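Protein chains in written order, with our numbering: chain B, 16 to 129; chain S, 8 to 119.
All residues carry an ideal CB built from backbone N, CA and C; glycine is no exception.
Keep in mind that this is a model prediction, so the values were computed, not measured.
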């Protein structure tokens, strides 16, 4: 079965600092990969996705992620964090074939210090 | 284009009752999926509907059910509520099952 690991439960960065959130997946073939962000009391907003092609994908709000097949990773990055980026971030994977549901990691809570 | 809408946003029920949650997908989207989010279990897949047919079902008891209407709107029902059913229930829609999913704001269900 596929699984997603986000090893960092909580990360704190200062505003203006760079950010990298880690995500590792377990799946035999190349999965479809996603990053979502959730603000308190809200639903999930899609930041970016990887289906195929260029392994460096750009998303909204200045985020990017890099797919590394050899490391089974899909880490999310942002060069300069803004206070409004404080939220919970979820990495998700979806298989191909008939099972199209998303499997989510446990999330990383991001705190941004002024 | 309007996003995914879910009603109601908040709901309080007591054990043993049943509840129905509603989801209206983005216009033109035909696939609707439901997820349960709790602090302990995280985000878990409940089921997916496409063109009024359930395509996939997660590992939840039969008390959890759903349906989809011809206009792609979907409802999920939970019967005989238990305290552990307290959660944020999220609905997501996509154009087809192979496209990215867009989430609604969720329905916060509290079971007392």
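**Request:** Kindly indicate which residue of S:76, S:59, S:109, S:83 has the alpha-carbon position closest to the one of residue 70 of chain S.
**Result:** Within the second chain, numbered from 1, the residue matching residue 70 of chain S stands at position 63. Put simply, of S:76, S:59, S:109, S:83 the residue whose alpha carbon is nearest the alpha carbon of residue 70 of chain S is S:83.
**Message:** Report the CB separation of residue 65 of chain S from residue 116 of chain B in whole angstroms; it is logged as a contact under 8 Å.
**Reply:** Position 58 of the second chain, counting from 1, holds the residue named residue 65 of chain S. Position 101 of the first chain, counting from 1, holds the residue named residue 116 of chain B. Yes, residue 65 of chain S and residue 116 of chain B are in contact; Cβ-Cβ is about 7 Å, under 8 Å.
**Request:** With DSSP collapsed to three states, give me the class of residue 75 of chain B.
**Result:** Taking the first residue of the first chain as position 1, residue 75 of chain B is located at position 60. Residue 75 of chain B: helix per DSSP, three-state reduction.
**Cutoff 6 Å; reference residue 98 of chain B; Cβ partners in own chain excluding five residues on either side** = Locating residue 98 of chain B in the first chain gives position 83, where the first residue counts as 1. Contacts found: 30, 127.
**Prompt:** Using a beta-carbon distance below 7 Å, is residue 52 of chain S in contact with chain B?
**Reply:** Here residue 52 of chain S refers to the residue found at position 45 of the second chain. Interface annotation, residue 52 of chain S: in contact with chain B, CB-CB separation under 7 Å.
**Message:** Could you check whether the Cβ of residue 119 of chain B sits closer than 7 Å to any Cβ belonging to chain S?
**Reply:** For the purposes of this step, residue 119 of chain B is taken as residue 104 along the first chain, with counting starting at 1. Closer than 7 Å to some Cβ of chain S, the Cβ of residue 119 of chain B qualifies, so yes.
**Contacting residues, own chain, Cβ-Cβ under 7 Å from residue 8 of chain S (five flanking each side not counted)** = The residue given as residue 8 of chain S occupies position 1 in the second chain. Cβ neighbours of residue 8 of chain S beyond the five flanking positions: 33, 34.
**Asked** Can you list, in chain order, the residues of its chain whose CB lies under 7 Å from that of residue 90 of chain B, leaving out five sequence neighbours each side?
**Response** The count along the first chain starts at 1 and reaches residue 90 of chain B at position 75. Within the same chain, 35, 36, 37, 38, 80, 81 come within 7 Å of residue 90 of chain B by CB-CB distance, once the 5 residues on both sides are set aside.
**Request:** Tell me whether residue 58 of chain B sits in a helix, a strand or coil according to DSSP, three-state version.
**Result:** Position 43 of the first chain holds residue 58 of chain B. In the structure shown, residue 58 of chain B sits in coil (DSSP, three-state: anything other than H, G, I, E or B).
**Request:** Consider the Cβ of residue 61 of chain B: report whether some Cβ of chain S lies at a distance smaller than 7 Å.
**Result:** On the first chain, residue 61 of chain B is found 46 positions in, with the first residue counted as 1. Yes, because at least one Cβ of chain S sits closer than 7 Å to the Cβ of residue 61 of chain B.
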